[in-house]
């Protein structure tokens, strides 16, 4: 299959690559670009483990092709870290409230939460549930994930004051 | 163990960050899919479309000719080179190979595997494989499978019955004869599982130079390497399992033995690393990761006051085509066969049958969740029969707090507990009287509302003697766990455990206990996962055991480290051992604290100054400890009574539900839970386990099911069919702890990984039945999907 050239931004950095037209964006990010924080869960758009920000909107990387990302801006979980690679505010809140267990759904949860908090730093419980309603977690029962997002929102508001 | 209950704890039971979390939030977790080896080739598998069929021929020519394909393997070839995978029970004619041989036995069973340059090409090649099948009628219904003599899943075995056992503990006939009343009911636990978000994956690399097979796998399984070795016919020490792989959820099911055999075999054949990552459809249909599928027929004898005297239980479990360790999930419940109740005698008939479905593996609680659902259903049935309050009936039957250790008819001694207190805490948290008013008000407004009440016991830290109960040639009386602790020349501490971890926070657990015992900040203690060639004996993180068992091993090893430091100090300071005390690594004279040896000095002596070591002491500074299951080590007595698990945690669940009568949809609007797992090592971890297990139990109660049609075709291959709870289906759970320390463990801890899942299905069923009660309806089959409830309400059929 003939490869196609794409240009895109990942976590603030510009890249140019040649890819096969049928390569999924998920496999491109993981296998070609080595952003392995984005996880493979169901590959049919239900579980949300592969969530990324696509032009700031949370989407499933398993349902897109890499060629469709040409000219777009992608953020993966690695892009939520501070510049030195340390956990950012949202990630730290997930640590402090233990909003995870096995860590497999965590990057997708963080992406969905990031998208929410970017729009709304004082979300209601329902806002949070709507934001992560498409991310399945089998470990936590969601309670500590919700608490993590609430903690992050509080810290965000305090930081903005 | 030398636990001092009055001791002041610094790190144990204190809210502290979970050390594993940092790598997960930054995307730096190392899951098997993240392990990259040069030259790795990728495998994909071809599933059978038929539940039962004879394989007449397989033509792989076109697939092999495709560019980028390295090999196509079928079961026929593999069976020449490999042994069948060893089963838990000795069933020589039940032959389980990683690929179907001659016959397929369930829809989704793997019949061929392709290795190619990448997974895309491998999947292209699958479409070029031509299989000629002769479809045959399948065995689907477990009762029919039990009675069947013509249609056999494994014809050579002679029947579909994999196990059929009878147990009798106490005078059941006498208790039934003497009881005022009795009732009979059927309860059915549907086929569901834990379904981790990460599928199973494995990467293998055979190195001809060292003759070592390196394998990375998302594994959570005792004896995994032994099984792999016996299937491949390798000596055990040719295999090195890398256990520093993060496992993306398991809760029992990440067994992956056939997957691992395949990549190991192919890697050695092709002399390159080979990896197989199941895709979701393959995982659901053919990953051999389904859970118990069980029918209970139970007779209960009781007094007119609602005191339950005796149970007669028949449990028929559908193990699927290849049983693995599935039948043992009927044996674990023997350890808590009467739940938390003072039931006098039990008759237990356990049957495991094979059907043409994907195989059953251990699932969270190892068979205890279905059994607990049945026990709680029995209590509710007795209350309903007598017109008594469900709560009052429970109170009359719960084991009183002054009765511990309490021996149940099947021989378990429950170590400790205060069941009445924990139940009361749950009721207080639920604001029970108010909740009853809320329910009754909803009912007067025409809504279907119900309160659930359920308790559960969580056996933890088992010794595996249940194998002997089913197979008296299996004289296995230990299920040990070990660790090694090293102090380096800088005085820094490293703990080495010998298993993978799949979300339970074992590194945090281990570091916390080492920190507590050695009086060092746990954050400065390194924890590593030794590979299987380097590790000390371990039996993997199953059976709610790691807090008990790794905790015990860590305490033991820390004790040896301290003893060594004390001996060095006694020798160098010429002070008697009993006059020395250990504090934060420094050893000093109780009577004159200025006479001391610091941690740095002890480390220097250990590594550099042999002349200052007590005569005969080895240089270096490390300790190993292999911890035997407390209270275990005995074979059953003549009545099959035995202690299987040492520790018993307890929970009480109070959910509140409302049902939409039009659609049958159940909404869980409130949920209070009280839990007692003794001393909590890390509060955030335990709370997460409890609530997560509970959510998983809500899934099993209301949504999750692997469905087969009457012909054995599999209908639940996607997440859109199987149905797992999202955040919208899980209520805002409120939880409260209680602590009855175990007298048997290092710090009073018990297991906590399973209880939520053991109690929630029973509690939700209790709530739904309470809601249906005004209509004169009840349901006794899980999952209680909305379609089923809607049909029940609107057809009035039971």
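Residue numbers (the numbering used here), protein chains in the order written: chain A, 1 to 161; chain B, 162 to 959. Idealized CB from N, CA, C, for every residue including glycine.
Note down the Cα distance separating residue 178 (chain B) from residue 156 (chain A), rounded to an integer number of angstroms. As a first step, residue 178 (chain B) must be located in the second chain, where it is residue number 17. As a first step, residue 156 (chain A) must be located in the first chain, where it is residue number 156. Taking the straight line from one Cα to the other gives about 20 Å.
What separation, rounded to the nearest whole angstrom, lies between the Cα atoms of residue 16 (chain A) and residue 835 (chain B)? Translated into positions along the first chain, residue 16 (chain A) becomes position 16. Translated into positions along the second chain, residue 835 (chain B) becomes position 674. Going by the C-alpha atoms only, they are around 55 Å apart.
Per-residue contacts from residue 183 (chain B) into chain A (C-beta, under 7 Å): Residue numbering aside, residue 183 (chain B) sits at position 22 when the second chain is read from its first letter. Chain A residues near residue 183 (chain B): 87, 95.
State the Cα-Cα distance for the pair residue 959 (chain B) and residue 674 (chain B), rounded to the nearest angstrom. For the purposes of this step, residue 959 (chain B) is taken as the residue at position 798 of the second chain. For the purposes of this step, residue 674 (chain B) is taken as the residue at position 513 of the second chain. A caution first: residue 959 (chain B) carries a pLDDT of 44, below 50, which makes its placement in the model unreliable, though a value can still be read off. For residue 959 (chain B) and residue 674 (chain B), the distance between alpha carbons rounds to 53 Å.
Neighbouring residues, chain B, relative to residue 107 (chain A) (Cβ below 7 Å): Here residue 107 (chain A) refers to the residue found at position 107 of the first chain. Going along chain B in sequence order, the residues near residue 107 (chain A) (Cβ under 7 Å) are 188.
State the Cα-Cα distance for the pair residue 658 (chain B) and residue 826 (chain B), rounded to the nearest angstrom. Residue mapping note: residue 658 (chain B) aligns to position 497 of the second chain, counting from 1. Residue mapping note: residue 826 (chain B) aligns to position 665 of the second chain, counting from 1. Approximately 46 Å between the Cα atoms of the pair.
Whether or not the stretch 557-573 of chain B and the stretch 930-947 of chain B are in contact is what I'm after, with contact meaning three or more pairs of Cβ atoms, one per stretch, closer than 8 Å; do they touch? no
Given a limit of 7 Å on CB to CB distance, which residues of the stretch 43-55 of chain A reach chain B? 43, 44, 46, 47, 49
Between B:682, B:500, B:823, B:527, which has its C-alpha nearest residue 487 (chain B)'s C-alpha? Taking the first residue of the second chain as 1, we reach residue 487 (chain B) at position 326. Among B:682, B:500, B:823, B:527, the Cα nearest to that of residue 487 (chain B) belongs to B:527.
Just tell me which of B:414, B:365, B:468 has its CA closest to the CA of residue 424 (chain B). One-based indexing of the second chain puts residue 424 (chain B) at position 263. The residue with the shortest Cα to Cα distance from residue 424 (chain B) is B:365.
Sequence-distant residues of its chain with Cβ nearer than 6 Å to residue 139 (chain A) (five each side left out): For the purposes of this step, residue 139 (chain A) is taken as residue 139 along the first chain, with counting starting at 1. Closer than 6 Å at the Cβ level, and outside the excluded window around residue 139 (chain A), lie 101, 102.
Exposure label - residue 777 (chain B); buried when at least 16 CB within 10 Å: The residue given as residue 777 (chain B) occupies position 616 in the second chain. Under this definition residue 777 (chain B) is an exposed residue.
What does DSSP give as the partner residue(s) for residue 1047 (chain B) in the beta ladder? In the structure as shown, chain B starts at 162 and stops at 959, and residue 1047 (chain B) therefore has no counterpart that could be examined.
Measuring alpha carbon to alpha carbon, tell me which residue in B:843, B:923, B:451 is nearest residue 171 (chain B). Here residue 171 (chain B) is taken as the residue at index 10 of the second chain, counted from 1. Looking only at B:843, B:923, B:451, the smallest Cα-Cα distance to residue 171 (chain B) is reached by B:843.
Scan the stretch 131-142 of chain A for residues whose Cβ lies nearer than 7 Å to a Cβ of chain B and list them as they occur along the chain. 132, 133, 136, 138, 139, 140, 141, 142
Output the boundary residues of the beta strand (DSSP E) element that contains residue 908 (chain B). As a first step, residue 908 (chain B) must be located in the second chain, where it is residue number 747. Residue 908 (chain B) -> no beta strand (DSSP E), and no H or E assigned at all.
Would you identify the three-state DSSP class for residue 305 (chain B), choosing helix, strand or coil? Position 144 of the second chain, counted from the first residue, corresponds to residue 305 (chain B). Three-state result, residue 305 (chain B): helix.
Would you say residue 163 (chain B) lies against chain A (beta-carbon separation less than 8 Å)? Along the second chain, one-based indexing puts residue 163 (chain B) at 2. Reliability fails at residue 163 (chain B), whose pLDDT of 45 lies under 50, so the model's placement of it is uncertain and the value that follows must be treated cautiously. False, the Cβ-Cβ gap to chain A never drops below 8 Å.
Check whether the stretch 785-800 of chain B and the stretch 552-560 of chain B touch, using three or more Cβ-Cβ pairs below 8 Å as the test. no
Mapping the DSSP letters down to three states, classify residue 897 (chain B) as helix, strand or coil. Counting from 1 along the second chain, the entry for residue 897 (chain B) is found at position 736. The answer is strand: DSSP assigns residue 897 (chain B) an E or B state.
Can you confirm whether residue 855 (chain B), when its beta carbon is compared against all beta carbons of chain A, has any partner nearer than 8 Å? Stepping through the second chain from its first residue, residue 855 (chain B) is reached at position 694. Closer than 8 Å to some Cβ of chain A, the Cβ of residue 855 (chain B) qualifies, so yes.
For residue 318 (chain B), which of helix, strand or coil comes out of DSSP? Along the second chain, one-based indexing puts residue 318 (chain B) at 157. If DSSP states are grouped into helix, strand and coil, residue 318 (chain B) belongs with the helices.
Bridge partners of residue 808 (chain B), per DSSP? The count along the second chain starts at 1 and reaches residue 808 (chain B) at position 647. Residue 808 (chain B) pairs with B:621.
Whole alpha helix (DSSP H) elements within the stretch 82-144 of chain A, 4-residue minimum: Listed in chain order, the complete alpha helix (DSSP H) runs (minimum 4 residues) inside the stretch 82-144 of chain A are 89-96, 106-119, 125-132.
Three-state secondary structure assigned by DSSP to residue 726 (chain B): Counting from 1 along the second chain, the entry for residue 726 (chain B) is found at position 565. For residue 726 (chain B), the secondary structure class from DSSP, reduced to helix, strand or coil, is helix.
State yes or no: is the C-beta of residue 850 (chain B) within less than 8 Å of the C-beta of residue 792 (chain B)? Residue numbering aside, residue 850 (chain B) sits at position 689 when the second chain is read from its first letter. Residue numbering aside, residue 792 (chain B) sits at position 631 when the second chain is read from its first letter. No; because the gap between Cβ atoms is not below 8 Å, this pair is not in contact.
Can you grab the Cα-Cα spacing for the pair residue 163 (chain B) / residue 624 (chain B), in whole Å? Position 2 of the second chain, counted from the first residue, corresponds to residue 163 (chain B). Position 463 of the second chain, counted from the first residue, corresponds to residue 624 (chain B). Reliability of the predicted coordinates at residue 163 (chain B) is poor, the pLDDT of 45 falling under 50, and no value is obtained from them.
For the stretch 720-737 of chain B, list every residue whose C-beta sits within 7 Å of some C-beta in chain A, in sequence order. So the list is empty, because no residue satisfies the distance condition.
May I have the straight-line CA-CA distance separating residue 546 (chain B) from residue 502 (chain B), to the nearest angstrom? To locate residue 546 (chain B), count along the second chain from 1; it is residue 385. To locate residue 502 (chain B), count along the second chain from 1; it is residue 341. Take the alpha-carbon of residue 546 (chain B) and the one of residue 502 (chain B): they are about 18 Å apart.
Just verifying my parser: in three-state terms, what is the DSSP assignment at residue 470 (chain B)? Taking the first residue of the second chain as position 1, residue 470 (chain B) is located at position 309. Of the three classes helix, strand and coil, the one that applies to residue 470 (chain B) here is strand, per DSSP.
Any chain A beta carbon closer than 8 Å to residue 889 (chain B): Numbered from its first residue, the second chain carries residue 889 (chain B) at position 728. It does: the Cβ of residue 889 (chain B) has a partner Cβ on chain A nearer than 8 Å.
Is residue 450 (chain B) near the ligand FAD, in the sense that its beta carbon is under 7 Å from a heavy atom of that ligand? Although the ligand FAD was asked about, the structure shown includes no ligands whatsoever.
Quick check: the Cα distance between residue 599 (chain B) and residue 574 (chain B), rounded to an integer number of angstroms? The residue given as residue 599 (chain B) occupies position 438 in the second chain. The residue given as residue 574 (chain B) occupies position 413 in the second chain. Going from the Cα of residue 599 (chain B) to the Cα of residue 574 (chain B) covers about 40 Å.
Name the chain B residues that come within less than 9 Å of residue 65 (chain A), Cβ to Cβ? Stepping through the first chain from its first residue, residue 65 (chain A) is reached at position 65. Simply none; closest approach about 12 Å.
Residue 18 (chain A) touches chain B at which residues, Cβ-Cβ below 9 Å? One-based indexing of the first chain puts residue 18 (chain A) at position 18. Within 9 Å Cβ-Cβ: nothing; residue 18 (chain A) doesn't reach chain B, min ~15 Å.
Could you check whether the Cβ of residue 358 (chain B) sits closer than 8 Å to any Cβ belonging to chain A? Counting from 1 along the second chain, the entry for residue 358 (chain B) is found at position 197. At least one chain A Cβ lies under 8 Å of residue 358 (chain B).
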